[in-house]
Amino acid sequence: MSKPSILIVDDSAVIRKALSKTLDTLGAKVTQAVDGADGLAKARAGRYDLVISDVDMPNMTGFELCEQIKQGQATRSTPVLILSSRDKDEDIERGFRVGADGYLTKSGGQDEFLASVREFLDRQDIIRNRKVLVVDDSTYIRTTVGEALEKSGFHVIRAENGRQALDRLLGGEVPDLVASDLDMPVMDGVQLCKALRADDRFKNIPLLIMSSTDDRAVIRRMFQLGAAAFLIKPFNMEQLVHTAEKLLSDHFRNLLLEKERLRQEHTLMLGSITSLIQALEARDVYTRGHSEAVAEIAARLHDLGKIGIPDAILLKPGKLTVKEYEIIKTHPTIGAEILRPIPSMAPLIPAVLSHHERIDGTGYPHGLKGKKIPLWARIIAVGDIYHALTSNRPYRDPMPEERVLEIIHDATVGHLCSDCVAAFLAFLES
Ligand SMILES: [Fe+2]
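If you're matching positions, the sequence shown starts at 0 in numbering that gives the first Met the number 0 and goes up one per residue.
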């Protein structure tokens, strides 16, 4: 979340000051109100990620303030946390009855308070502007479910059946969560679920099933098809909202974890490459071993940039479109960019960047000609084509070696460096 904005409502200046100071540690922008009436005016005038209110105040109590906030069209999705010295069960219950999202007693201490505020802000961050697609043939369900979600801060779009839902997705309106009925005309929930799971663009969207069936076989089948949750009608809206929030927070937490994992992997990989190179540089620059090692590393790394190419393109079994091929062609540049921040990788960059250049200047990314192409890059180009032709590909069997050598030999016209090819063929013969 950027900078969360929090409204503190308390008639005690000392408490307002103490809370502000505590919230500073979260980097929050804090506004203060001196009583319930002031709090309501400020809540209506601004946009807050959280309102923290005392109960016993002049002009308007915290309970009344909370009730008003929850009834106002513009303010009802703002979470309210009541912080009171009243700690009787009946007071706490009353707080939740007027719509409070949380109730803390002032005796709870700073850690509990901060943990609770942090939880509210995280939750706000997760659901703010998240789009939920509600799919149900019943107007009543679309309305009540939609309104309950909107009231909690979700953005809601609606569809009357699976077909309409899919059309919305294909039309570019991709939700963060789909809440769908099972039994619908035209296309039912099972078909919708299958269609979503079969499409790479939509298969990770969490699917919440809402159905009046309590048949365990049906429920099990939906989970097996990839549904993330199943609510049996009639359910209360509280249950629905909580389930939606839970699914989204799990989903986004997983995405964050995955991103972090990739980042760590990347750092780790760069770390090991760096130490490899350092070990290399510790040797005499002019030894044969050095050259071989540089060649080996450059050859291993030449396609490093492919980690930046989307899987859907890189692993596509069929023919690539012109646009997809253009994307594939960025891999030498991406690879060079990955290595650039590491000073010790500098000697490898030309080889990585230029391994798809061609002698006649028709290669990429820079269209370099002849000896302008770095030697390592020209050497790798030969090895690359040999390896590509002799290994198995999804679309063809490996070629016989004789035919491969013929192709490589012919490629010295235009494509490959003739000196490198000669050296390569001599090496194979020996
Ligand atoms: Fe490549």
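By construction, the Cβ of each residue, glycine as well, lies at the ideal position given by its N, Cα and C atoms. In this text, all values refer to a predicted model and were calculated from it rather than measured experimentally.
Would you be able to state if there are at least three C-beta pairs under 8 Å between the region 19 to 34 and the region 52 to 66? yes
For a test of your reading of the model: does the CB of D213 fall under 7 Å from any non-hydrogen atom of ligand 1? Yes or no. Position 214 of the sequence shown, counted from the start, is the residue given in the question as residue 213. For ligand 1, not one heavy atom lies less than 7 Å from the Cβ of D213.
D213 to Q223 span [Cα, whole Å]: Taking the sequence shown and counting its residues from 1, the one referred to as residue 213 is at position 214. Taking the sequence shown and counting its residues from 1, the one referred to as residue 223 is at position 224. Their Cα atoms are separated by approximately 16 Å.
Could you have a look at F433 and say whether DSSP puts it in helix, strand or coil? Look at the range of the chain in this structure, 0 to 429, and you will see that residue 433 is not part of it.
Cα-Cα separation, P78 to E118: By one-based count along the sequence shown, residue 78 stands at place 79. By one-based count along the sequence shown, residue 118 stands at place 119. Those two C-alpha atoms are separated by around 11 Å.
List the residues that DSSP assigns as beta-bridge partners of F229. Taking the sequence shown and counting its residues from 1, the one referred to as residue 229 is at position 230. F229 pairs with I208.
From the DSSP secondary-structure annotation, give me the bridge partner or partners of V50. The residue given as residue 50 occupies position 51 in the sequence shown. In the DSSP output, where bridge partners are listed per residue, V50 has L6, V79.
Could you give the distance in angstroms between the alpha-carbon of S353 and the alpha-carbon of P346? Looking up residue 353 in the sequence shown gives position 354. Looking up residue 346 in the sequence shown gives position 347. S353 and P346: Cα-Cα distance of roughly 13 Å.
May I have the straight-line CA-CA distance separating H289 from I379, to the nearest angstrom? Position 290 of the sequence shown, counted from the first residue, corresponds to residue 289. Position 380 of the sequence shown, counted from the first residue, corresponds to residue 379. Note that H289 has pLDDT 46, beneath the 50 cutoff, so the model's placement of it is unreliable and no number is given.
Expected contact under 8 Å - CB spacing of T24 and F112 to nearest Å: Taking the first residue of the sequence shown as 1, we reach residue 24 at position 25. Taking the first residue of the sequence shown as 1, we reach residue 112 at position 113. With 8 Å as the limit, T24 and F112 do not qualify as a contact, their Cβ atoms being about 11 Å apart.
On the three-state DSSP scale, how would you describe Y363? Stepping through the sequence shown from its first residue, residue 363 is reached at position 364. Y363 falls in the coil class under three-state DSSP.
Runs of 4 residues minimum, wholly inside the region 99 to 142: which ones carry the alpha helix (DSSP H) assignment? 109 to 126
In this structure, how does DSSP classify S417 when only helix, strand and coil are distinguished? Position 418 of the sequence shown, counted from the start, is the residue given in the question as residue 417. Of the three classes helix, strand and coil, the one that applies to S417 here is helix, per DSSP.
Does Q67 pass the burial test, meaning 16 or more other C-beta atoms within 10 Å, or should it be called exposed? In the sequence shown, residue 67 corresponds to position 68, counting from 1. Buried, since its Cβ has 16 or more Cβ neighbours within 10 Å.
Mind checking whether the beta-carbon of H330 lies closer than 7 Å to any heavy atom of ligand 1? Indexing the sequence shown from 1 puts residue 330 at position 331. Result yes, Cβ under 7 Å from ligand 1.
Please state whether DSSP places T21 in a helix, a strand or coil. Walking along the sequence shown from the start, residue 21 turns up at place 22. Looking at T21 - three-state DSSP - the assignment turns out to be helix.
For the candidate residues V131, Q263, L148, E257, whose alpha-carbon lies nearest to that of I204? The count along the sequence shown starts at 1 and reaches residue 204 at position 205. Comparing Cα-Cα distances from I204 to each of V131, Q263, L148, E257, the minimum goes to V131.
Cβ-Cβ distance between L80 and D100 below 8 Å: Your numbering for residue 80 matches position 81 in the sequence shown. Your numbering for residue 100 matches position 101 in the sequence shown. Yes, the pair counts as a contact, with Cβ atoms nearer than the cut-off.
In whole angstroms, give me the CA-to-CA distance for R287 and H414. To locate residue 287, count along the sequence shown from 1; it is residue 288. To locate residue 414, count along the sequence shown from 1; it is residue 415. Residue placement at R287 is poorly supported in this model, since its pLDDT is 42, which falls under 50; the coordinates still yield a value, given next. Taking the straight line joining both Cα atoms gives about 28 Å.
Give the DSSP bridge partners of S179, in chain order. Numbered from 1 along the sequence shown, position 180 holds the residue referred to as residue 179. Answer is V134, I208, bridged to S179.
Inter-residue Cα distance where the pair is L314 and L191: Here residue 314 corresponds to residue number 315 of the sequence shown, with the count starting at 1. Here residue 191 corresponds to residue number 192 of the sequence shown, with the count starting at 1. Distance between the alpha carbons of L314 and L191: 26 Å.
Assuming the contact rule is C-beta atoms closer than 8 Å, L207 and A228 should be a hit. Round their C-beta distance to whole Å, please. Against the sequence shown, residue 207 aligns to sequence position 208. Against the sequence shown, residue 228 aligns to sequence position 229. Correct: roughly 5 Å between the Cβ atoms.
The region 235 to 242 touching the region 144 to 151, judged by at least three CB pairs closer than 8 Å: yes
Beta-carbon spacing of V412, Y385 below 8 Å: Within the sequence shown, residue 412 is the residue found at index 413, counting from 1. Within the sequence shown, residue 385 is the residue found at index 386, counting from 1. Contact flag unset, no.
With DSSP as the reference, please indicate the residues paired to R430 in a beta bridge. Outside the modelled stretch of the chain, which goes from 0 to 429, sits residue 430, for which no answer is possible.
Give me the residue from S210, D37, K28 with the minimum Cα distance to L120. Within the sequence shown, residue 120 is the residue found at index 121, counting from 1. Nearest C-alpha to L120: K28.
A422 to I306 span [Cα, whole Å]: Position 423 of the sequence shown, counting from 1, holds the residue named residue 422. Position 307 of the sequence shown, counting from 1, holds the residue named residue 306. Cα to Cα, the separation comes out at about 31 Å.
Secondary structure at K370, three-state DSSP: helix, strand or coil? As a working mapping, residue 370 is identified with position 371 in the sequence shown. In this structure, K370 counts as helix in the three-state DSSP scheme.
Can you have a look at G430 and say buried or exposed, based on whether 16 or more other CB atoms are within 10 angstroms of its CB? This structure cannot speak to residue 430, because the chain is shown only from 0 to 429.
Under 8 Å between C-beta atoms of H355 and P340: Your numbering for residue 355 matches position 356 in the sequence shown. Your numbering for residue 340 matches position 341 in the sequence shown. Not a contact, by the Cβ cut-off of 8 Å.
Limits of the unbroken beta strand (DSSP E) element including Q31: For the purposes of this step, residue 31 is taken as residue 32 along the sequence shown, with counting starting at 1. Looking at the DSSP string, the run of the beta strand (DSSP E) that includes Q31 is 28 to 32.
So, for S76: in the same chain, excluding its five sequence neighbours on each side, which residues have a beta-carbon less than 8 Å away from its beta-carbon? Counting from one through the sequence shown, the residue named residue 76 turns up at place 77. If we look at S76 and ignore the five residues flanking it on each side, its Cβ neighbours are E149, K150, S151, G152.
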